[in-house]
Amino acid sequence: MTFTDLILIAFGVSFSVFAIVLMSSVERCLTLFDILKISFFFGFFQGLMMFLGWLLCSSFSHLLMGYTSWIIFAFFIVIGLKMIFKSLKVKPEERTFNLRNIKILTGLSFASGINSFIIGLTLALTDVSILNAVVVVVLVTFFISIAGIYIGKKTGKYSIGNKIEFLGGIIFIALGMKILLHHFGVI
């Protein structure tokens with residue numbers, strides 16, 4: 622897995638966060654402190670969940686070595702399809718939250734980190750440095766969160782969140798296909 626793949630993974634997992642923060646910021650007045658806190662929470666939990674997934678799988682990854690390409694392919698396709706389907710059916714009012722409420726923010730940060738947890742499982746099957754992966758996902762998610770809040774406030778268009786999440790799904794499907802093509806020696 623290349624560094625470019627790692628960047629694409631970070632964007633892919635952060636696009637769900639983008640949708641949440643964009644939709645939640647359209648009608649809310651957020652201070653600079655709120656924006657930084659929200660972005661920190663989402664970035665931190667994406668990194669934490671990725672690390673926990675890696676930690677869990679790394680203890681038994683040696684048992685899966687003959688199947689790593691297929692496992693990574695399957696997880697990436699499932700995550701991608703889930704993101705696409707969610708982006709097509711979710712109504713904005715179902716994803717508008719008061720992110721200034723610490724309980725809501727913590728719950729959403731944890732829930733949005735599930736995809737990162739799954740990605741962490743797959744990273745344990747590769748030679749990627751988990752430290753590099755976590756740093757990249759934390760930073761990308763932090764800045765994508767800030768961008769989502771800003772765009773939500775400036776445009777007021779909820780639908781942008783669904784479109785970005787759809788794009789995240791496409792990224793994961795493309796990465797899954799790349800893994801499979803690499804497995805078969807096509808690329």
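The C-terminal position of the sequence shown is numbered 808 in my numbering, with every residue numbered one higher than the one before it. Virtual Cβ for every residue (Gly too), placed ideally from N, Cα, C. Predicted model only: the values in this text are computed from it and were never measured.
Identify which residue in the options has its Cα closest to the Cα of residue i.
i	options	result
residue 680	742, 711, 799, 734	742
residue 787	662, 624, 642, 708	708
residue 759	676, 636, 623	636
residue 752	669, 625, 699	669
residue 626	785, 795, 807, 778	795
residue 765	638, 715, 665, 798	638
residue 644	693, 700, 777	777
residue 634	704, 624, 683, 676	704
residue 660	801, 721, 715, 675	721
residue 750	733, 717, 676, 663	676
residue 672	682, 700, 756, 697	756
residue 664	734, 772, 697, 775	734
residue 748	682, 700, 646, 662	682
residue 782	797, 804, 716, 667	716
Tell me whether residue i sits in a helix, a strand or coil according to DSSP, three-state version.
i	result
residue 622	coil
residue 769	helix
residue 646	helix
residue 696	helix
residue 764	helix
residue 707	helix
residue 656	helix
residue 717	coil
residue 753	helix
residue 680	coil
residue 797	helix
Taking buried to mean at least 16 other C-beta atoms within 10 Å of its own C-beta, is residue i buried or exposed?
i	result
residue 654	exposed
residue 729	buried
residue 691	exposed
residue 648	exposed
residue 569	Residue 569 falls outside the range modelled here, since the chain spans only 622 to 808, and no answer is possible.
residue 780	exposed
residue 799	buried
residue 744	buried
residue 732	exposed
Tell me the rounded alpha-carbon separation between residue i and residue j.
i	j	result
residue 711	residue 688	34 Å
residue 702	residue 723	30 Å
residue 746	residue 650	43 Å
residue 761	residue 807	30 Å
residue 657	residue 641	15 Å
residue 790	residue 628	15 Å
residue 622	residue 792	14 Å
residue 718	residue 785	18 Å
residue 767	residue 624	23 Å
residue 802	residue 632	22 Å
residue 725	residue 738	20 Å
residue 727	residue 763	15 Å
Say whether chain B places a C-beta atom closer than 8 Å to the C-beta of residue i.
i	result
residue 646	No chain B appears in the structure shown, which is made up of a single protein chain.
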